[in-house]
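Have a look at the structure below before the remarks.
There are 6 protein chains.
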Amino acid sequence: MTLQPPDRRGRAAILKLHTAGVPLGPDVDLDDIAGNTPGLVGADLRNLVNEAALGAARKAETFVTAADFLEAIDRLLLGTERHLMLSKSDRERIAYHESGHALLGLLVAGADPVRKVTIIPHGGSLGVTVQSPIDDRFNYGEDYLRARIIGALGGRASEQLIYGVVSTGAANDLQQVTIIAHEMVVRWGMSSKIGPLAFAEDGSSGAFSAVRPYSEETAREVDLEVKRIADECFAEAMKLLTDNRSRLEALTKALLAEDSLGEDQILSVTGLQRVQVAGYEDTGL
Amino acid sequence: MTLQPPDRRGRAAILKLHTAGVPLGPDVDLDDIAGNTPGLVGADLRNLVNEAALGAARKAETFVTAADFLEAIDRLLLGTERHLMLSKSDRERIAYHESGHALLGLLVAGADPVRKVTIIPHGGSLGVTVQSPIDDRFNYGEDYLRARIIGALGGRASEQLIYGVVSTGAANDLQQVTIIAHEMVVRWGMSSKIGPLAFAEDGSSGAFSAVRPYSEETAREVDLEVKRIADECFAEAMKLLTDNRSRLEALTKALLAEDSLGEDQILSVTGLQRVQVAGYEDTGL
Amino acid sequence: MTLQPPDRRGRAAILKLHTAGVPLGPDVDLDDIAGNTPGLVGADLRNLVNEAALGAARKAETFVTAADFLEAIDRLLLGTERHLMLSKSDRERIAYHESGHALLGLLVAGADPVRKVTIIPHGGSLGVTVQSPIDDRFNYGEDYLRARIIGALGGRASEQLIYGVVSTGAANDLQQVTIIAHEMVVRWGMSSKIGPLAFAEDGSSGAFSAVRPYSEETAREVDLEVKRIADECFAEAMKLLTDNRSRLEALTKALLAEDSLGEDQILSVTGLQRVQVAGYEDTGL
Amino acid sequence: MTLQPPDRRGRAAILKLHTAGVPLGPDVDLDDIAGNTPGLVGADLRNLVNEAALGAARKAETFVTAADFLEAIDRLLLGTERHLMLSKSDRERIAYHESGHALLGLLVAGADPVRKVTIIPHGGSLGVTVQSPIDDRFNYGEDYLRARIIGALGGRASEQLIYGVVSTGAANDLQQVTIIAHEMVVRWGMSSKIGPLAFAEDGSSGAFSAVRPYSEETAREVDLEVKRIADECFAEAMKLLTDNRSRLEALTKALLAEDSLGEDQILSVTGLQRVQVAGYEDTGL
Amino acid sequence: MTLQPPDRRGRAAILKLHTAGVPLGPDVDLDDIAGNTPGLVGADLRNLVNEAALGAARKAETFVTAADFLEAIDRLLLGTERHLMLSKSDRERIAYHESGHALLGLLVAGADPVRKVTIIPHGGSLGVTVQSPIDDRFNYGEDYLRARIIGALGGRASEQLIYGVVSTGAANDLQQVTIIAHEMVVRWGMSSKIGPLAFAEDGSSGAFSAVRPYSEETAREVDLEVKRIADECFAEAMKLLTDNRSRLEALTKALLAEDSLGEDQILSVTGLQRVQVAGYEDTGL
Amino acid sequence: MTLQPPDRRGRAAILKLHTAGVPLGPDVDLDDIAGNTPGLVGADLRNLVNEAALGAARKAETFVTAADFLEAIDRLLLGTERHLMLSKSDRERIAYHESGHALLGLLVAGADPVRKVTIIPHGGSLGVTVQSPIDDRFNYGEDYLRARIIGALGGRASEQLIYGVVSTGAANDLQQVTIIAHEMVVRWGMSSKIGPLAFAEDGSSGAFSAVRPYSEETAREVDLEVKRIADECFAEAMKLLTDNRSRLEALTKALLAEDSLGEDQILSVTGLQRVQVAGYEDTGL
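Chains as they are written, first to last, in this note's numbering: chain H, 781 to 1065; chain L, 781 to 1065; chain R, 781 to 1065; chain P, 781 to 1065; chain Z, 781 to 1065; chain C, 781 to 1065.
Put into structure tokens, the structure is as follows:
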């Protein structure tokens, strides 16, 4: 079985390495920070330490505090906050879009918990929904991957449901969908049409490469399987949002009022619980 | 949701940056200029300031005035005016062509307002129709994109209606149509035949690239979807011009008489109102 | 609408530029020369001035005269005259070939007037037929483009009619036919099978490029449309020559007798008038 | 007949070469080590000597002992042991995955003996199953290659059987399957659909190369043959594990209890014998 | 009409240029030599002069004589004579092969006259048949091109007729056939399936290039047309040799006896006349 | 007709050149050596002289003797002898494999005589069968080429017959089969499906090149023709070995007993005569 990025202990060790020589406040617990940063690799963690130190410097603090680290984690996951003049209608559409992502993150079994949703532009995005796993994951089941795709299609599905037409704003979401579905088919053997085979292409960019190590007819089968997965997931996204339209409206309304919502607010507004992580972890023998 | 170019506030800030050290007349309001230049990015705005300063220098003015900026905006959007000897029949065909663009800009719901139309050659064009949005747009709905395509096909449709044959003069229009329709299909997920997927190619030149990250049969589906969109939009353009032929004739006649028409003149000649911007902005909840 | 090369006024200005410092005879009228050189661009006009000056130098003239310019235009359009020993049968075939080009130039509505036809080898050609427009053209209708193709196929059609078999001598003509028909289909939107779309390839060499930004099946449609246009034009060429065989024979006979014929001689031998330039220029409103 | 890597005698000679100047303990028998390292080539054996010397140095020993060599062989075959915090459910899935590999290694006629299985992460893997041949093999029969594929699919088959869904953890296994099945079809002539032909591509990476020296339709046949072999082997893997589910459970349970199991423990837990090496070696005349 | 290499007068001029400073014997008539070298270009003629001069030097002559030139022409057309030990059966097969070429050169209307045939190896060939035109040709009719193909297939057809199986010795002949037939189809518009179009590829090597500026289906049509022409010409070659088998036997017998035969001997042995040059040259009006 | 490598006289001359300055024993007859080395080219013969000289040096001889040359020829054809520890079953399979090659070399009309067969590993091979022609051949008939393919498939056929499954050991044989059959189809015009055409690719590596100068459908026809030839030859190989199984067993047994067998031993064990060289050499007129 193949191995993925560092685990919690590994991240704590990396943080210790990069904080050597950095004056840390007494409230800083590197193990805690490691627990809040699953999925991050060495370079990410070094950035995190730098960002926290810069934040402390900006506040002219003597020590880098736990709060500095939390703000740095936010900046790292969300990008830098930006101030833009947006029309009322643009803001509303963005709110529906992000609420779609967030609500599906709550409704789909197996998805990572939704930590935050915002319609304040950050980095290259007009809005952001943050999901992150509870603990380290070294292996992804087919159900988890489908949950990721359904969530990524939540913004588009929400626009389709509310406005009847989609917009250019979902382009990045669709790229993620394409990459995951393509890997499922050609790398992880999750399509019986293609079989238990792997065609090793250049990692995540494989979906956009014109070099394909199989025949045209097989390439067509791959295309159809990728489309089938995306279509099924979009239909599931539409169904879940339609069935939960009042929650979608409530979440959008709260988001327009508050700009950003944390996990507790999201759960409270929608009246939902943090999703049970479904899938193989709970499968008894 | 993905972010696009600077908003009005951003453009004002960029203008302030590039006018530092430039003596501005008392009538210059950078915020106003920012409001008149939606869609322009940093490099465009720097050009604008340079062009206005050059204009002032040519007139030996002590300050760069508001008028210098307006002329510079015109040059930037239209290109440099050129004097050419054209036959009567060439001028007439150009007038019908541009009137086709302009009239569809007025008739199609969701299109950007038509600001100006001219049959004086500018830069590399024999005639120009200028459309620009009322405020910043960060997101484009499918209806807006179709309005863009219909408008771009207006010149060809007008030639077809009046002369029965088309000419080589629409080549650039057809390239724009091809680019937008192609992006709708392979980047923005706006064809259900292709599905909610994005095939990230090199931006706007993707339509002309022979590298396609999908199978031949999918490539054929993409071709057919792109053609379907273009054909539908051309049929709509033909229908609208046929239904409004007297307006087309009136606009062409005025254009041949005046060479250039501003927004008010265009509306007055055609008896139309600035189009209601349709689409999601007006969709209530 | 897209712009093409300099107009008459532009050519006169370019000629003025390149004749600065060249001693011109009193009979030289640059505006007149500009009127005789539609379609030529800056580099061509500089060549023309150089050629005329060289001609004057060869004749040891003090000034470059109007006659020097006329001879230079001829050399520029025809290439340098060459002396070759040709068999009687080769000469005859060339005469039929060029007469085919010339006669179709007279018979097809919309074609540029035929200025000269010769069976004296020039540059890389065994014979030449010169056609040039009356005034500047900035835009080409579909009917004009078909007239160009029909004329280009006139040499081959004449050989087919007279000898029953074609020869290798039409290779360049066929290349021109292929380029124009290909542009009509993929750049100028003149095939409804392909639709109002443009696939921007590298200008005139696109027809011979193996890189095609569309699917195989669309490429096949392009091929079939290009062939359909060429076949239709060849059938039209055959029909016109068959219906005018006595004119073809008369023109060939005159050409064999005289080696070269000017516009007046061609009209007189064939009993035809300079063709009415058909198409949109004459279309009233 | 083509030749493969060094035989036992060759390896002993290579070991002798690389241990020149290395102080060896009296219990070191190079011929014995050569017998335990079938398949290793010159570079591997030099690494082995270095690893053993480093191990001795770490223990501050005067001589490199037989035990140092055995540990070095382990490290070489398994990679470096790593300590990771894994969730209970992750550990369980890994145990089922590796047990699937190991059990099929015991059940499939013709497979190499299973030497060790572990769910302690090593190098880039979360778990490892080690199989190695009894003696040198210079030639591989079709039955042996199928046994390799069935074993490689054992992890995936076990996950499918126990959890009903597969995971991303089998990616490397699927790559091995693809490489072997592809070589069978296009290099070793083991598909009658493709015939007794060899298409020499770049060794083991051929399966992932888009360059294929045959027509599209033949490429499709190759794809289908590769898939047929993989599908047949996966079905065989599923059947064997289903028929031996209690052994699979027992082996998984032991592995979860012990972390690593040697050949004797594996045989004892499963109640199986070391497989009879089937195939041509035992075929009498 | 396109122009080909220098005519007789041109070759005489080129010969004059290259013989400046070369002492020529009184019997040398450059115009005569030019008449014997149709098809040769500048570089060929310089080679010819050098070869003749070398021949004279080897004989220690004071002047380069007419005989030196004739021998040089032979060496140029045939390559250098080589002495090889050939088995009786090899010599016989070569004789039948070359006789096939030569006899078809005599039998096919429109072919260039056969000047010499030899089974003495020259340069890279085991045997040579020399054909060259009577005068310069600047244009090639379809009938002439077919005559070239039929002649090139004569060696293979003769082997097929006499031995029932063909051999590897016709490889170069087949390459010539492929090049000519391919040019007929894609450059000279001689296939109605492909139409009056030219696809400009790199001259004579086009037939072996994998870059084709048309769709797959058109490429297949090109292949089928090329094959149709070659098949038709091979059938014609077989028919002519079958109908003239006694001539083939007589020519082979003479060739085995004499090693080389000149035009007069060939005509005398076969009882044939130099072929009437058929085709357009004789077509009256 | 195309020429191949040096003939006997040419090889003798080359040997003379490379032995200049080499002290030769009185028993060395270069012409004799040339007679024993058909097919070798200049570089091969220089190697041969060097190898013989090295052999003499190793034996500290004053002269290079005829025996040194014979041993050098052996080393050159077989590669360097290697000592490997092989299992009994491996040795047996190798013996059957090589016996298959050798026996078909005796049974197939038109094959080159079998000179030696060995199961002592040499160079990169576990076993070797040496066939070489009686005299120089400059031309290869289709029947000879098929004999070469049948012989090359003899190892695989023998394994199939005896063990029922094939192995990886025939990979090089299959590559040779593929190259020869591919050349027959695309270079030597030996498939009527492809016709009397030659597609000049890079010599012997053409079969493995993905660049093919014809359409996909033609490429597929080439694939099918290559496969047809290989399949027919394999069926013939199977039939001949099945019909001569006792000879195959006898030859294998002798080979296992003796390790290597010369031509006389092979003929004696199998009770066969050196094959009559069939084909065109014996075809009377």
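Even glycine gets a Cβ: it sits at the ideal position worked out from N, Cα and C.
With its beta carbon at least 8 Å from every one in chain R, Gly931(L) lies outside the interface.
Residue range Arg788 to Thr799 is occupied by the alpha helix (DSSP H) that includes Arg788(Z). Partner residues in the beta bridge of Lys896(Z), as assigned by DSSP, are Val910(Z) and Gly1042(Z).
Judged by beta-carbon spacing, Val888(L) lies beyond the 8 Å limit of Ala950(L), meaning their Cβ atoms are not closer than that value.
Within chain R, Val991, Arg992 and Pro993 have C-beta atoms less than 8 Å from the C-beta of Ala990(L), given in sequence order. His902(Z) sits in a strand when the DSSP states are folded into three classes. One finds Asp915, Asp916, Arg917, Phe918 and Glu1061 in chain C with Cβ atoms closer than 9 Å to the Cβ of Ser867(Z), taken in chain order. Residues of chain Z whose Cβ lies closer than 8 Å to the Cβ of Glu1005(R) do not exist, since the nearest Cβ in that chain is about 11 Å away.
Excluding five sequence positions before and after Ile960(Z), the CB atoms of its chain that fall closer than 7 Å to its own CB belong to Leu925, Arg928 and Ile929, given in chain order. Rounded to the nearest angstrom, the Cβ distance from Gly815(C) to Arg855(C) is 19 Å, too far for a contact under 8 Å.
Below the 8 Å Cβ cutoff, chain Z contributes Ser995, Glu996, Glu997 and Thr998 as neighbours of Arg1000(R), in chain order.
For a Cβ distance threshold of 8 Å, nothing in chain P lies close to Gln911(C): the least Cβ distance comes to about 16 Å. Taking the C-beta atoms as reference points, Glu878(L) is found no nearer than 8 Å to Ile853(L).
Secondary structure note for Ile974(L): it is in no alpha helix (DSSP H), with a DSSP letter that is neither H nor E. DSSP places Gly819(R) in the coil class of the three-state scheme, outside both helix and strand. For Ser1040(C), none of the residues of chain P pass the 7 Å Cβ criterion, the least Cβ distance being about 15 Å. If you compare the alpha carbons of Leu810(C), Ala891(C) and Ser972(C) with that of Leu1004(C), the shortest gap goes to Ser972(C). Interface annotation, Asp923(C): in contact with chain Z, CB-CB separation under 8 Å.
Apart from the 5 residues on each side of it in sequence, His902(C) sits with its Cβ closer than 6 Å to the Cβ of Leu858, Gly859, Glu861 and Val908 in its chain, given in chain order. Spatial neighbours of Ser938(P) in its own chain (CB-CB distance under 7 Å, excluding positions within 5 residues in sequence) are listed in chain order as Tyr876, His877, Ser879, Gly880, Leu1021 and Leu1028.
Inclusion of Ala1034(H) and Leu1041(H) in the CB contact set at 8 Å is warranted, their separation being smaller than that value. Straight-line measurement puts the Cα of Asp916(Z) at about 20 Å from the Cα of Val829(Z). Exclusion of the five residues before and after Leu825(P) leaves Arg791, Ile794, Leu795, His798 and Thr817 as the residues of its chain whose Cβ lies within less than 8 Å of its Cβ. Using a Cβ-Cβ cut-off of 8 Å, Arg928(H) is close to nothing in chain P; its nearest Cβ partner there is about 12 Å away. For the C-beta of Ser879(R), not a single chain Z residue is nearer than 9 Å; the gap to the nearest is close to 12 Å. Closest option to Thr958(C), judged by alpha-carbon separation, among Ile914(P), Ala833(P) and Gly975(P): Gly975(P). In its chain, beyond the 5 residues on either side, Gly975, Pro976, Leu977 and Ala978 have a beta carbon closer than 8 Å to the beta carbon of Gly969(C).
The beta carbons of Leu933(L) and Phe1014(L) sit closer together than 8 Å. Around Ala837(Z), the same chain offers no residue with a beta carbon nearer than 6 Å, after the five sequence neighbours per side are excluded. The three-state reading of DSSP puts Leu883(L) in helix, counting H, G and I together.
Per DSSP, the unbroken alpha helix (DSSP H) holding Val966(L) starts and ends at Ala951 to Val966. Proximity of Arg788(Z) to chain R, defined by a Cβ-Cβ separation below 8 Å, is satisfied. The Cβ atoms of Phe849(H) and Ala832(H) lie closer than 8 Å to each other. Taking CB atoms only, Asp854(Z) has no neighbour in chain C less than 8 Å away. Contact with chain Z is found for Ala987(R), since one of that chain's Cβ atoms lies less than 8 Å from the residue's Cβ.
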